[in-house]
């Protein structure tokens, strides 16, 4: 039986976007999949049915804990031999570490295709969809994939999870909005967010048109200040900011009639389920991000500079440094979003 190691420390949304690869590996042959993940992102992947063993490391806290994690990995991999290690990062430090501790074949993203001994560098092609790009690593190992679109983002909800909306009356039909996000331990991109005022106006118009639907806003504790401001103007919403686990968030999303959100983890979580989705994109390119599906709709800003996010630019790129954020404020209209809501809900 083949044994594979997937290395992806974070972030939450990025991890979800490589889950289609896990199913493809299982479909190709009988194999065992181990997944190395950052401790702070463990919850997004720990229930995944395609993973046989989850290995967590603490890379987001103190230097002392990071050193302990490295020592732990050295001991773990001293006794494990993998057929292939797939590193879903573009970091030479990570590559050097695995070269030092493992004789396995290693596949990692790089600026261009290159092979040296058992190291396979695979071009990080910005023109490709992110899920297709994820498949490039395993295809370099010899796996034949002709249609990556047949593999979906996967998230498995625990059987004992209870929908956090079950305690609310008259909440049989509801629309979920994820209005925050754009934060992870490595970077923050608030320019991804649609303005609070736009969400308030959209929510008001949705309620006026679809009064039989409850409107639910969810997010992490980091999004609470944004959602609280919306609640001040739209007191009829259900505010779940910081009140749900990822499992509860997933269950609430799965049972919703429609999901609307920015480019952030919840929209990729929503893509694990067969529900209508509207994604709002400004700095980032919806064409290479959002999964391709008939009931998934992306509204890309009409600004001349959108999209501007280039991963190679890092934190100095326009997506992070732009002060005006006009792509989301001025060139992604409330009416365009409302028109899609009406089209999906059929009124």
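In our numbering, the protein residues as written are 376 to 722.
For glycine and all other residues, C-beta sits at the position ideal for the given N, C-alpha and C.
Sequence-distant residues of its chain with Cβ nearer than 6 Å to residue i (five each side left out)
| i | result |
| --- | --- |
| residue 526 | 395, 398 and 399 |
| residue 670 | 651 |
| residue 692 | 685 |
| residue 512 | 461, 482 and 497 |
| residue 433 | 414, 440 and 444 |
| residue 495 | 482 and 515 |
| residue 616 | 594, 598, 599 and 602 |
| residue 596 | 617 |
| residue 382 | 411 and 462 |
| residue 700 | 566 |
Residue i in three-state terms, based on DSSP
| i | result |
| --- | --- |
| residue 568 | coil |
| residue 589 | strand |
| residue 557 | coil |
| residue 695 | helix |
| residue 440 | helix |
| residue 728 | No answer is possible for residue 728: it lies beyond the span of the chain, which begins at 376 and ends at 722. |
| residue 390 | helix |
| residue 383 | coil |
| residue 601 | helix |
| residue 551 | strand |
Residues of its chain near residue i, where Cβ-Cβ distance is below 8 Å and the 5 sequence neighbours each way are ignored
| i | result |
| --- | --- |
| residue 451 | 430 |
| residue 711 | 674 |
| residue 604 | 571 |
| residue 632 | 548, 549, 550, 588, 650, 651 and 720 |
| residue 580 | 709 and 713 |
| residue 476 | 448, 449, 452 and 453 |
| residue 425 | 394, 397, 398, 400, 401, 408 and 529 |
| residue 427 | 407, 408 and 409 |
| residue 715 | 653, 672 and 674 |
| residue 537 | 623 and 626 |
| residue 501 | 663, 685, 686 and 687 |
| residue 554 | 568, 569, 571, 574, 592, 594, 598, 601, 602, 605, 636 and 637 |
Expected contact under 8 Å - CB spacing of residue i and residue j to nearest Å
| i | j | result |
| --- | --- | --- |
| residue 627 | residue 654 | Incorrect: roughly 18 Å between the Cβ atoms, too far for contact. |
| residue 590 | residue 582 | 6 Å |
| residue 557 | residue 639 | 6 Å |
| residue 686 | residue 659 | Contact doesn't hold; Cβ gap of about 10 Å is too wide. |
| residue 516 | residue 482 | 6 Å |
| residue 524 | residue 718 | 23 Å between Cβ atoms; not a contact. |
| residue 559 | residue 689 | In fact, because the Cβ distance is near 14 Å, the residues do not count as touching under 8 Å. |
Extent of the continuous alpha helix (DSSP H) to which residue i belongs
| i | result |
| --- | --- |
| residue 702 | 701-704 |
| residue 399 | 394-403 |
| residue 720 | 709-720 |
Residues of its chain near residue i, where Cβ-Cβ distance is below 7 Å and the 5 sequence neighbours each way are ignored
| i | result |
| --- | --- |
| residue 676 | 656, 657, 702, 703, 706 and 707 |
| residue 606 | 612 and 614 |
| residue 663 | 503, 504 and 505 |
| residue 563 | 557 |
| residue 643 | 388, 391, 392 and 528 |
| residue 421 | 429 |
| residue 565 | 557 |
Span of the beta strand (DSSP E) around residue i
| i | result |
| --- | --- |
| residue 663 | Taken as a continuous stretch (DSSP letters only), residue 663 belongs to no beta strand (DSSP E), as it is neither H nor E. |
| residue 596 | Taken as a continuous stretch (DSSP letters only), residue 596 belongs to no beta strand (DSSP E), as it is neither H nor E. |
| residue 674 | 671-675 |
Task: Complete alpha helix (DSSP H) runs within the segment 448-481 (minimum length 4 residues, chain order) - done: Entirely contained in the segment 448-481, the alpha helix (DSSP H) runs reaching 4 residues are, in chain order, 467-476.
Open item on the list: Runs of 4 residues minimum, wholly inside the segment 483-548: which ones carry the alpha helix (DSSP H) assignment?
Closed with: Listed in chain order, they are 505-514.
- [ ] Could you pull out every unbroken alpha helix (DSSP H) segment of at least 4 residues lying fully inside the segment 409-436, listed in chain order?
- [x] The DSSP assignment places no complete run of the alpha helix (DSSP H) inside the segment 409-436 (cut-off: 4 residues).
Open item on the list: What ranges does the beta strand (DSSP E) occupy inside the segment 606-663, keeping only unbroken runs of at least 3 residues that lie completely in it?
Closed with: For the segment 606-663, whole beta strand (DSSP E) runs of length 3 or above, ordered along the chain, are 633-637 and 652-656.
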